[in-house]
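Chains as they are written, first to last, in my numbering: chain V, 60 to 187; chain G, 830 to 1235.
Just so you know, even glycine gets a beta-carbon here, dropped at the ideal spot from N, CA and C.
Right, one structure below, let's go through it.
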Amino acid sequence: MINFIFILIHIFLSSAQAWALPQTIKIQLERHQSHLNMAQKEQINDFFKTYHHQKVFITGHSEDGGSTQYNLILSYQRAQSALEQIKLNHVPADMIFIQGAGSNRNQAPGSLLMNNRYIEINLMEESL
Amino acid sequence: MFLFWLLSVFLAYTQVCAKLLHRELVSAPNNPIPVCINSSQADDDVISALVPIIRFNLNLSGLISVKTNDCTNQIKISGHQSLLGTRSVELQFLGTELSKLPTHKIPTPILNDKHIINQYANKITRTIHEYLTHHRGWHDRKIAFISTINIDGENQYKLMISHIDGSDSRELFSSRRPLINPIFSPDSQKIAITELGKKGTSIYVKEGKHDWEKISSESELGIASSWSPDSQHLLIVNYQIHNPSLLSYDSLSGTIKTLMPGWSLDCDPVWAKDNFIYLASSRSGSPHIYRYEINKKLLERITFQGDGNLSPSISKDRKTLAYIQRIKDEYGLVIHPFQNPTQPKKILSALFLQDPKISDDGSWILLTERQGRRNVIGLIDTEGQTHIHLIAEEGQFDYPTWVPET
C-alpha cells in the first residue's frame, strides 16, 4: 500500500515537473544573424534538459522592411539553426517542426526600434 | 447634347471617385511649371469630361502647376472631327516658353465605356507632362500589386492589376494565404506569384489567357523572383537547402536547372540583359548587392556602403540600379547610376521601405512604404523630386510592380 502511494506521488511529481517546464523560449538575435553563438546554444541546451517527448515547434522571425525575400529566408535560416542545436539534445527529428515567419508576425510593425529578430521555440504535449 | 455632356461628366466623376486607390502628393519640386488650360469648346462633351481629369492629374505630377489665370504658358485643348468622322483632341502649346512646341493631335477612341475616358485623359496627361518637363510620364501606366483585406478576422490576399490611378482594376489571383512578389515577363505574357503556405511555398504561373499553373509543390521552399529577358525562364530562389541557390525554370519544357549554387544568404535576384543577374547576398556578413555573370560564372560585388543593401532593381538599359540601403535604424532608397558608380544617391529615407521596382526606362520607382500602421504604394522619380502615395481605399497594398508596356 505504502509502495503504491509512493508510486502515485512519484507520478504526480514527474507530471508536475513536466507541466512546470517553461513551454516557450525566445532567443534574441543580432541584425543579419542566422547562426547561433555559444550562449544561445546553451540557452537551447538548458531548455531541453528536462525535455519530455513533446512536439517542438520552431519559428524564426525577422524585422520588416528592406526585402521581403531576405526577411523570409533569414527567418527560415534562424529556425534551421535552432533545429540543428535541438537535434544535438537527442530530440527525435520527427517531433520537430520548423517555420520561417519572415516579418509577417512583427510585434511592432513599422518600428525598427522594437526589433523582431528572434527564434521562438514552443513545446506542446503530443496529444495536442 | 446637354444630356451627353451630363452623362460624360457623371461618368468621369464616378470614375474618379469609385477607384481602388487614391493618390496623394507627398512632395514635389519647389518650382513647378505654371500653366493654364483653355478649352474653348465648353459645349464639347468629350473635352468637358476630359479637362477636369487632366487638370487633376497634372497638378498631382508635382512638376506642373495648373493655374486658373495669370499664365504666360497656356495649353489649349480642343476637339476636332475629320471629314471622315474620326475625332481627335488637339493640344496647342501657347506662350513665351511653350510656343516652340509643335501642336499635337491624339486620336480619340470611342468613349462608350467609363474606363476609356479615364485612360484617354491619362494618355493626354502623359503627353503634356513629357512635352513640358522632358521627363517620362507614368500617368497611363499599369501596375500590379497585392491587396490585403481583413474580412471577419481573416486576411484575404488578392493579386490586382490596375491603371496607376486605380481605375480599371481587375483581380488576377486570390488566396487566404499570403501572396508575395508578383512578377511579369518582359513580353507581359506571363506572370508568376509565390504563395506562402504553412509547410512551404507554392509558385503559380499564368501564361496569356490560360489558367494558373502550380509549378512547385507546397513542401518546397522557393520564391519566384524574376523572368529572363527573353521571357522564357523563371528565376527561383530555392531556400530549402541551408544556402539558397538560384534555379531557372524553363516555361517551355517545364525543366528546372541550377543557375547559381548558393552561398550564405542569396536573394532578390533580377535577370538583366546580356545574362547578368543582380542579387543581394550576405556572403560578406551583411547583405550587399552583387552582379553574377552567368556565362563566365563570375560574381562581382557592387555596393560597399551601409549596414546592408537589399532588393536590387535595374532599368532595362542597365544604366540605373535602385536598391534599399539600411543605415542603423533607417532605410534609404538609393539610386546607383552605372555611368558614375562612385556617386550613389539616396533619394528617400524612412523607417520602412521595401521591394523597389524601377520602370524599364529608369525614370520612376514603385515601392512599398508605410503610412501609419498600413502599407501603401510609393511612387517616386529617380531624381527624388516627385513623391506620390497610392493608398488603398480599404486594407493595404504591397509588392507593387510595373506591368510591361507592349
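(1) Along chain G, in chain order, which residues have C-beta atoms closer than 8 Å to that of S93 (chain V)?
(2) Among all the DSSP beta bridges, which residues are the ones paired with S1004 (chain G)?
(3) Since E983 (chain G) and R1005 (chain G) should fall inside the 8 Å C-beta cutoff, what is the C-beta to C-beta distance between them, to a whole number of angstroms?
(4) Closest by CA to C900 (chain G), which one among G:V864, G:S868, G:L912 and G:S890?
(5) Within the chosen definition, does the region 1114-1127 of chain G reach the region 1168-1176 of chain G through at least 3 CB pairs nearer than 8 Å?
(6) I think G1207 (chain G) touches E1198 (chain G), with their Cβ atoms under 8 Å apart; what is that distance to the nearest whole Å?
(7) Just to confirm the assignment, what range does the beta strand (DSSP E) spanning R1238 (chain G) have?
(8) Does R176 (chain V) come out as helix, strand or coil in the three-state DSSP assignment?
(9) With distances taken from CA atoms, which of G:T962, G:F1167, G:L988 and G:L1162 is nearest F1181 (chain G)?
(10) Would S996 (chain G) and N947 (chain G) qualify as a contact pair, given that the criterion is a beta-carbon distance under 8 Å?
(11) Report the rounded CA-to-CA distance for E1223 (chain G) versus Y1160 (chain G), giving the unit in angstroms.
(12) Tell me which residues share the same chain as S1111 (chain G) and place their Cβ nearer than 6 Å to its Cβ, disregarding the 5 neighbours each side in the sequence.
(13) According to DSSP, which residues form a beta bridge with R1155 (chain G)?
(14) Can you tell which of G:D994, G:E1047 and G:V1034 has the C-alpha that lies nearest to the C-alpha of A1221 (chain G)?
(15) Report the partner residues of W1041 (chain G) according to the DSSP bridge assignment.
(16) Kindly indicate if chain V contains any beta-carbon less than 8 Å away from that of I945 (chain G).
(17) Would you mind reading off the limits of the beta strand (DSSP E) that contains I1194 (chain G)?
(18) Quick check: V1066 (chain G) and P1073 (chain G), are their CB atoms within less than 8 Å of each other?
(19) Which term fits N859 (chain G), buried or exposed, when burial requires 16 or more other beta carbons within 10 angstroms of its beta carbon?
(20) For my contact list, S1055 (chain G) and I1012 (chain G) are in at a C-beta cut-off of 8 Å; report their separation, rounded to the angstrom.
(21) Whole angstroms are fine: how far does the CA of H1165 (chain G) sit from the CA of I1106 (chain G)?
(22) So is Q1134 (chain G) buried or exposed if we call it buried at 16+ other beta carbons inside 10 Å?
(23) Relative to the C-alpha of I1187 (chain G), which candidate in G:R852, G:I972 and G:S890 has its C-alpha closest?
(24) For G124 (chain V) and chain G, any beta-carbon pair shorter than 8 Å?
(25) Could you work out which residues of chain V lie near A1109 (chain G), taking near to mean beta carbons separated by less than 7 Å?
(26) Between V895 (chain G) and chain V, is the shortest Cβ-Cβ distance under 8 Å, so that the two count as touching?
(27) Leaving out five residues on either side along the sequence, give the residues of the same chain with a beta carbon under 7 Å from the beta carbon of K146 (chain V).
(28) For W1100 (chain G) and L1064 (chain G), what's the separation of their Cα atoms in angstroms?
(29) Using a Cβ cut-off of 8 Å (strictly closer), state whether P1073 (chain G) contacts chain V.
(30) For G1161 (chain G), would you say it is in contact with chain B, using Cβ-to-Cβ distances shorter than 8 Å as the test?
(31) Assuming K987 (chain G) contacts D969 (chain G) (C-beta within less than 8 Å), just tell me the rounded distance between them.
(32) From the DSSP secondary-structure annotation, give me the bridge partner or partners of V1205 (chain G).
(33) Which stretch, first to last residue, makes up the beta strand (DSSP E) that contains E1024 (chain G)?
(34) Does the Cβ-Cβ distance between H1218 (chain G) and Q1200 (chain G) come in under 8 Å?
(35) Express the C-alpha separation of D1079 (chain G) and S1003 (chain G) in angstroms, rounding to a whole number.
(36) Near T1087 (chain G), which residues of its chain fall below 7 Å by C-beta distance, leaving aside the five closest residues on each side in sequence?
Here's the rundown:
(1) L1094
(2) G:Y986
(3) 6 Å
(4) G:V864
(5) no
(6) 4 Å
(7) This structure leaves residue 1238 (chain G) out entirely; chain G is present only between 830 and 1235.
(8) coil
(9) G:L1162
(10) yes
(11) 26 Å
(12) S1093 and L1094
(13) G:G1137 and G:Y1160
(14) G:D994
(15) W1041 (chain G) pairs with nothing; no bridge assigned.
(16) no
(17) W1193 to Q1200
(18) yes
(19) exposed
(20) 6 Å
(21) 16 Å
(22) exposed
(23) G:I972
(24) yes
(25) S126 and Y129
(26) no
(27) A152
(28) 7 Å
(29) yes
(30) No chain B is part of this structure, whose protein chains are labelled V and G.
(31) That pair is no contact at about 23 Å.
(32) G:E1198
(33) K1019 to L1025
(34) yes
(35) 25 Å
(36) S1074 and L1076
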